[in-house]
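Engineer: Taking our numbering, the leading residue of the sequence shown gets 2, the next gets one more, and so forth.
Take this structure, written in structure tokens, and hold onto it; I'll ask about it next.
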Amino acid sequence: MATKQEGAAEARAALEGTRIKWDDANMKSSYANVCNVTSTREEVVLLFGMNQAWNRGQKEVTIHLTDRIVVSPYAAKRLSMLLQGVVGEYEKRFGALNIEAGAAEGKK
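Set out below in structure tokens:
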């Protein structure tokens, strides 16, 4: 039989939510300066890669894709919300990011 103290601990744990432990033992790091996204009804596919063409005015540019991440639409929406928050905080600290076509990379 559970005591009142044990019941209170269980209730507190339920209110606080599930504790998440991040296991990075098999994690790898990659750098990408290009990202593209496609989707179907069941999944969202994020493609990451490198654009190594530094000369302007090239008629054709090859993007070397390095990683593909497939997520559910629900996970994609949560990722979108997280990224909006992170980019918003970045712009508060360092100024607005200009991503319009023709804008110099890395300049505000």
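Every residue gets a Cβ at the ideal spot worked out from N, C-alpha and C, and that includes glycine.
(1) Between the beta-carbon of ARG69 and the beta-carbon of VAL45, is there less than 8 Å?
(2) Helix or strand or just coil, what does DSSP make of GLY50?
(3) Please report the distance separating the alpha-carbon of ARG42 from that of ALA97.
(4) Just how far apart, CA to CA, sit ALA26 and PHE49?
(5) What span of residues does the alpha helix (DSSP H) with VAL88 cover, start to end?
(6) Assuming ASN34 and ASN52 are in contact, meaning their beta carbons sit under 8 Å apart, how far apart are those beta carbons, in whole angstroms?
(7) Using 8 Å as the threshold, is the C-beta distance between THR67 and SER31 below it?
(8) Do LEU83 and VAL72 have their beta-carbon atoms positioned less than 8 Å apart in this structure?
Structural biologist: Answer, in terms of the structure:
(1) no
(2) strand
(3) 33 Å
(4) 22 Å
(5) 74-95
(6) 6 Å
(7) yes
(8) no
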